[in-house]
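Take a look at the structure below.
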Amino acid sequence: MPTPPPTGPLVTRGTLATDLRALGVEPGEILLVHSSLSSLGWVCGGAVAVVRGLLDALGPHGTLVVPTQSGALSDPSHWENPPVPEAWWDTIRATMPAYDPLVTPSLGVGVVPETVRTWPGALRSAHPQTSFAALGPRAAEVTAGHARDCRLGERSPLARLEALGARVLLLGAGYDTCTSFHLAEYRIPAPLVGVGRPGPAGWEVVTEVSIDSDRFDELGHDFERDRPVVRAKVGAADARLFPVADAVAYAQRWLAVHRSRAEEV
21 MPTPPPTGPL
31 VTRGTLATDL
41 RALGVEPGEI
51 LLVHSSLSSL
61 GWVCGGAVAV
71 VRGLLDALGP
81 HGTLVVPTQS
91 GALSDPSHWE
101 NPPVPEAWWD
111 TIRATMPAYD
121 PLVTPSLGVG
131 VVPETVRTWP
141 GALRSAHPQT
151 SFAALGPRAA
161 EVTAGHARDC
171 RLGERSPLAR
181 LEALGARVLL
191 LGAGYDTCTS
201 FHLAEYRIPA
211 PLVGVGRPGP
221 AGWEVVTEVS
231 IDSDRFDELG
241 HDFERDRPVV
251 RAKVGAADAR
261 LFPVADAVAY
271 AQRWLAVHRS
281 RAEEV
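Just so we're aligned, residue 21 is where the sequence shown starts under the working numbering, counting upward by one.
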């Protein structure tokens, strides 16, 4: 049976740039993008066209930032999708390749971030599990100094983006992907956890702030209700645009209230 033709809309590099400018993306700004390629429609050129459209909208003085997380570099005892047999755990820990920012692929963040990661001139931060990649004149400033024991906190690109006045673009992605909310978790009382991963000298366990995105959709709903969030269509995708600093400040208040209530129940 023949495959039915795509329903569209037909999206191109040019229409993406036009839609992004209409949304409010400004030349020269720093933009942290969380994206879903499939939500956009039928994109001529796929992820490459999306990246070019974003760069066109930002112009030569703008900087594009994406999450390039590598969650596979983690303790196999916590893997669930799918799990692996317990008998394999020690071997996996002993043989898992350490993080290499030039080689380690991103995982679970979509094809657009992986395309940015491999783009000529892209820079990537140093954290083995929660790195960010950036393209543009502020890329080094954004990605430098990502501490190996600070996934998404004060010594990560998120804090740098907040300080630089960057904005978040949710491009067909939901608030559950909004990494800026995680920075707020470092500013409220939060439990510490041991995080296992391969290191330069073998398997290591570092102490980190516990991070949890389970209620980020609910948090995002309230944030959008109470704070100015620019919304429009980009291709077929719902797109949202807002400052990193606004998201962090709101999440810090929201999480402090809602997580303390949950603990009381």
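Ideal placement from N, C-alpha and C gives every residue a C-beta, glycine not left out.
| Check | Outcome |
| --- | --- |
| R72 to P80 span [Cα, whole Å] | 12 Å |
| Inter-residue Cα distance where the pair is P29 and G82 | 27 Å |
| Start-to-end residues for the alpha helix (DSSP H) that takes in S200 | S200 to E205 |
| Cut-off 6 Å between Cβ atoms - residues of its own chain near V86, not counting five sequence neighbours on either side | V53, P133, V136 and A153 |
| Range of the contiguous alpha helix (DSSP H) that encloses W109 | W109 to T115 |
| Straight-line Cα distance separating A69 from V323 | Any answer about residue 323 is impossible in this case: the structure gives the chain only from 21 up to 285. |
| 8 Å Cβ cutoff met for Q272 and I208 | yes |
| Limits of the beta strand (DSSP E) - the one that H241 falls within | Per DSSP, H241 belongs to no beta strand (DSSP E); it is in the alpha helix (DSSP H), F236 to D246. |
| Of the residues A92, F201, E238 and L190, the one placed nearest G44, counting alpha carbons only | L190 |
| Pairwise C-alpha distance: V213 and E228 | 5 Å |
| Counterpart residues of V85 in DSSP-defined beta bridges | L52 and A154 |
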